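Protein chains in written order, with our numbering: chain A, 61 to 355; chain B, 518 to 749. For reference, the structure is listed below as structure tokens.
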Amino acid sequence: MEYAISVLLSGISVGGQYALIAIGYTMVYGILRLINFAHGDVFMVAGLMGIYFTASMPLYLSLPLVIILTVVLGFVIERVAYKPLRSAPRMSVMISAIGVSYLLQNTATYITGGQPMTYPVIPFLSDTVNVAGTLTKWVVILTPILVIVLVLALTQLINRTKIGMAMRAVAKDFETSQLMGIKINSVISMTFIIGSALAAVGSILYFTNYQSIVPTAGAMPGLKAFVAAVFGGIGSVPGAVIGAFIIGICETVIKGLPSAWDVSVFSDAFTFALLIVILVFKPTGLFGEKATDKV
Amino acid sequence: MLKITDLKVNYGGIEAVKGISLEVPEGEVVTLIGANGAGKSTTLRTIAGLVKPAGGRVEFMGEDITGKDPTSIVKKGITLVPEGRKIFPDLTVLENLKIGAYMRKDDLTDDLNWVYDLFPRLKERHWQAGGTLSGGEQQMLAVGRALMSRPKLIMMDEPSLGLAPLIVRGIFDIIREIHKQGVTILLIEQNANMALQAADMGYVMETGRITLSGPGQELLTNEAVKAAYLGA
Chain A
61 MEYAISVLLS
71 GISVGGQYAL
81 IAIGYTMVYG
91 ILRLINFAHG
101 DVFMVAGLMG
111 IYFTASMPLY
121 LSLPLVIILT
131 VVLGFVIERV
141 AYKPLRSAPR
151 MSVMISAIGV
161 SYLLQNTATY
171 ITGGQPMTYP
181 VIPFLSDTVN
191 VAGTLTKWVV
201 ILTPILVIVL
211 VLALTQLINR
221 TKIGMAMRAV
231 AKDFETSQLM
241 GIKINSVISM
251 TFIIGSALAA
261 VGSILYFTNY
271 QSIVPTAGAM
281 PGLKAFVAAV
291 FGGIGSVPGA
301 VIGAFIIGIC
311 ETVIKGLPSA
321 WDVSVFSDAF
331 TFALLIVILV
341 FKPTGLFGEK
351 ATDKV
Chain B
518 MLKITDLKVN
528 YGGIEAVKGI
538 SLEVPEGEVV
548 TLIGANGAGK
558 STTLRTIAGL
568 VKPAGGRVEF
578 MGEDITGKDP
588 TSIVKKGITL
598 VPEGRKIFPD
608 LTVLENLKIG
618 AYMRKDDLTD
628 DLNWVYDLFP
638 RLKERHWQAG
648 GTLSGGEQQM
658 LAVGRALMSR
668 PKLIMMDEPS
678 LGLAPLIVRG
688 IFDIIREIHK
698 QGVTILLIEQ
708 NANMALQAAD
718 MGYVMETGRI
728 TLSGPGQELL
738 TNEAVKAAYL
748 GA
């Protein structure tokens, strides 16, 4: 029983961390119809920044700085690698995204020498806590709470504010949005800023759990988060979050099955199999866009 | 108010507009009629800043606005009701109206009431998603949305397209009403009869050139226009 609780708790926590990355994928896709392959690597860079900054300054400075610089990175990537290709075919932008992904990984290899780096122990987050008889880290408890708070704030921003209204308009129709006087580029930058900030928060939580960072450390969580976004219906923020929780829980439960069954190595394959099954029955994902356009 | 001189636009690899000149005086309704593909839409899209001209000049209230981006053109007081209405289907009716006033930072209450007075239907449905409205209601919404920016000049691209005759008459009543309230209008239409009746001035456009111009009433009785566009 205690074991089951601990598996479930860590599944929810992993899911929450995927959710923070998945929002960046889904929002950018919603507006640019671009799968931002560099997003997982931005997440990895945020992790590395966490290591370097906490080594040289106190946490109350280093963690905000990680978030700020990750936001700057996301913003610059969009302006340099995607904006010049605004009217190019979508495939070109995607290739540009793959290029940025490798650039970030290679730069990380250059700086770290390719050695696995150890994420610092963040007091409190790494402290253990006793939940219903199982010992776990605070980060496991805090992640889902933080995710829910951030997601509620984000949906309020999207549904209740002027910039949120502009985001929804731009996601539907660039040209008409421009006729309303909306500056498309500012709205696009805004989505990259939000996505990067959440990925930075995600990196702090995720690497507090997993601790080791290699230059490709963003690839797998990035891919899972992307799958979560597709699973939930890409373009939809609540969809991405729910998809991420489902994937996180499934994966952890499979890993936690009795070792005699010997199935834990298949946890990733199962995740993708689940995705395929869902997409067969719901091709647009759980909360995918329904066509309400009227001609 | 709006003065276009020798405007040339390439669009989709062809010269869609081949050097046209026209003028829209303040407080008037000017219409540009012509067949499909004559370059009417391209002309409006160029004025709105969506398409960059290859040559010529667009002046608004004495200021050169040639090739400016759409945002600054909306700021100057020109708005376009695009062809096919292009309302935002997922936004509510109220949000669609508010987004029309995106550039403005002042209070919108008076303008919302103004639009709701013009289109009581929109008030009844203000909480509905734009995409659930009928074609005629969507056209009202598109016009209402454009008015929310408090334009000096409103350009309309085929507002009657795809609407039932009765609804079309309603749309033209609205055009007259907006005009009466002091908004200058540049209207393009395939429904030449209705457009010329509503217009002070008319221009006829054929394959990228203006071939004929004159007061609306005069063009209505012009033999060439009658034969080509009025089906008489």
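Think of the CB as a built atom: it goes at the ideal place given N, C-alpha and C, for glycine as much as any other residue. Note that the structure is a prediction, hence the values are computed from the model and not measured.
For residue i and residue j, I'd like the C-alpha separation in whole angstroms.
i	j	result
Val126/A	Thr344/A	35 Å
Thr352/A	Val181/A	In this prediction, Thr352/A has a pLDDT of 39, which is less than 50 and means its spatial position is unreliable; nothing more can be read from the coordinates.
Phe605/B	Met240/A	11 Å
Leu164/A	Ile201/A	31 Å
Lys243/A	Thr588/B	7 Å
Leu121/A	Pro183/A	14 Å
Ser73/A	Ala141/A	33 Å
Ala259/A	Leu539/B	53 Å
Val591/B	Pro668/B	8 Å
Ser327/A	Tyr85/A	22 Å
Ile338/A	Leu80/A	22 Å
Arg621/B	Ala565/B	18 Å
Val160/A	Met154/A	10 Å
Gly584/B	Val325/A	60 Å
Val67/A	Ile264/A	21 Å
Leu123/A	Ile91/A	29 Å
Lys697/B	Ile158/A	56 Å
Thr172/A	His99/A	20 Å
Val355/A	Gly652/B	The pLDDT assigned to Val355/A is 32, lower than 50, so where the model puts this residue is not dependable; a value taken from the coordinates is nonetheless given after this. For Val355/A and Gly652/B, the distance between alpha carbons rounds to 8 Å.
Gln271/A	Lys342/A	36 Å
Ala709/B	Val541/B	18 Å
Glu459/B	Gly679/B	It is not possible to answer for residue 459/B, since the shown part of chain B is limited to 518 through 749.
Phe113/A	Ala168/A	15 Å
Val598/B	Lys615/B	15 Å
Arg146/A	Ile248/A	11 Å
Met104/A	Ala681/B	57 Å
First and last residue of the beta strand (DSSP E) that includes residue i?
i	result
Gly573/B	Gly572 to Phe577
Arg726/B	Arg726 to Pro732
Met718/B	Met718 to Glu723
Leu597/B	Ile595 to Val598
Asp523/B	Leu519 to Tyr528
Met240/A	Per DSSP, Met240/A belongs to no beta strand (DSSP E) and is neither H nor E.
Asp634/B	No beta strand (DSSP E) contains Asp634/B, which is instead part of the alpha helix (DSSP H) from Thr626 to Leu635.
First and last residue of the alpha helix (DSSP H) that includes residue i?
i	result
Val105/A	His99 to Ser116
Glu543/B	Taken as a continuous stretch (DSSP letters only), Glu543/B belongs to no alpha helix (DSSP H), as it is neither H nor E.
Ile746/B	In the sequence on display, residue 746/B carries Tyr and not Ile. That residue, Tyr746/B, is in no alpha helix (DSSP H); it is neither H nor E in DSSP.
Tyr179/A	From DSSP, Tyr179/A is part of no alpha helix (DSSP H); its letter is neither H nor E.
Asp328/A	Ser327 to Phe341
Glu612/B	Val610 to Gly617
Counting C-beta neighbours from all protein chains within 10 Å, is the total for residue i 16 or more, i.e. buried, or is it exposed?
i	result
Asp628/B	buried
Phe97/A	buried
Leu737/B	buried
Ile273/A	buried
Tyr78/A	buried
Asp101/A	buried
Gly71/A	buried
Gln238/A	buried
Ser666/B	buried
Phe332/A	exposed
Gly193/A	exposed
Taking Cβ positions only, does residue i come closer than 8 Å to chain C?
i	result
Thr588/B	Absent from the structure is chain C; the protein chains it does hold are A and B.
Just by C-beta distance, which residues in the region 602 to 614 of chain B are closer than 7 Å to chain A?
-> Residues passing the 7 Å Cβ filter: Lys603, Phe605, Pro606, Asp607, Leu608 and Glu612.
Are the region 723 to 739 of chain B and the region 542 to 560 of chain B touching by the rule of at least three beta carbon pairs closer than 8 Å?
-> Contact holds: three or more Cβ-Cβ distances are below 8 Å.
Determine which residues of the region 542 to 575 of chain B have a Cβ less than 7 Å from any Cβ of chain A, and write them out in chain order.
-> Per Cβ criterion, the list reads Ala565 and Leu567.
Given a limit of 7 Å on CB to CB distance, which residues of the region 231 to 254 of chain A reach chain B?
-> Those residues of the region 231 to 254 of chain A that come within reach of chain B (Cβ to Cβ, closer than 7 Å) are Lys232, Asp233, Glu235, Thr236, Gln238, Leu239, Met240, Gly241, Ile242 and Lys243.
Pull out every residue of the region 616 to 640 of chain B whose Cβ sits closer than 7 Å to any Cβ of chain A, in chain order.
-> From the region 616 to 640 of chain B, only Ile616, Gly617, Tyr619 and Met620 have a Cβ closer than 7 Å to chain A.
Compile a chain-ordered list of the residues in the region 209 to 234 of chain A whose CB is closer than 8 Å to at least one CB of chain B.
-> Residues passing the 8 Å Cβ filter: Lys222, Met225, Ala226, Arg228, Ala229, Lys232 and Asp233.
Sufficient close CB pairs (3 or more, under 8 Å) joining the region 692 to 710 of chain B to the region 675 to 684 of chain B | When C-beta atoms of the region 692 to 710 of chain B are compared with those of the region 675 to 684 of chain B, three or more pairs fall below 8 Å, so the two segments count as touching.
For the 8 Å Cβ check, are there 3 or more pairs between the region 284 to 303 of chain A and the region 152 to 164 of chain A?
-> Between the region 284 to 303 of chain A and the region 152 to 164 of chain A, the count of Cβ pairs shorter than 8 Å is below three; the stretches do not touch.
Kindly confirm or deny that the region 309 to 319 of chain A and the region 105 to 119 of chain A touch, where touching means at least three C-beta pairs closer than 8 Å.
-> Short answer: they don't touch.
Mind the definition here: the region 714 to 733 of chain B touches the region 553 to 561 of chain B only if three or more C-beta pairs lie below 8 Å; say whether that holds.
-> Cβ pair count under 8 Å is three or more, so yes.
Any chance the region 128 to 146 of chain A sits against the region 291 to 307 of chain A, with 3 or more Cβ pairs inside 8 Å?
-> No, the region 128 to 146 of chain A is not in contact with the region 291 to 307 of chain A.
Touching or not, the region 574 to 582 of chain B and the region 741 to 748 of chain B, by the rule of three or more beta carbon pairs under 8 Å?
-> Verdict: no, contact absent.
Which residues, in chain order, does the region 523 to 541 of chain B contribute to contact with chain A at a C-beta distance below 7 Å?
-> The residues in question: there are none.
Counting Cβ pairs, one atom from each stretch, are 3 or more of them under 8 Å apart for the region 250 to 259 of chain A and the region 597 to 612 of chain B?
-> Too few Cβ pairs lie closer than 8 Å, so no.
Near-chain A residues of the region 657 to 671 of chain B - C-beta to any C-beta below 8 Å | Flagged, chain order: Arg662 and Ser666.
For the region 701 to 726 of chain B, enumerate the residues whose C-beta is nearer than 8 Å to any C-beta of chain A, in chain order.
-> Per Cβ criterion, the list is empty.
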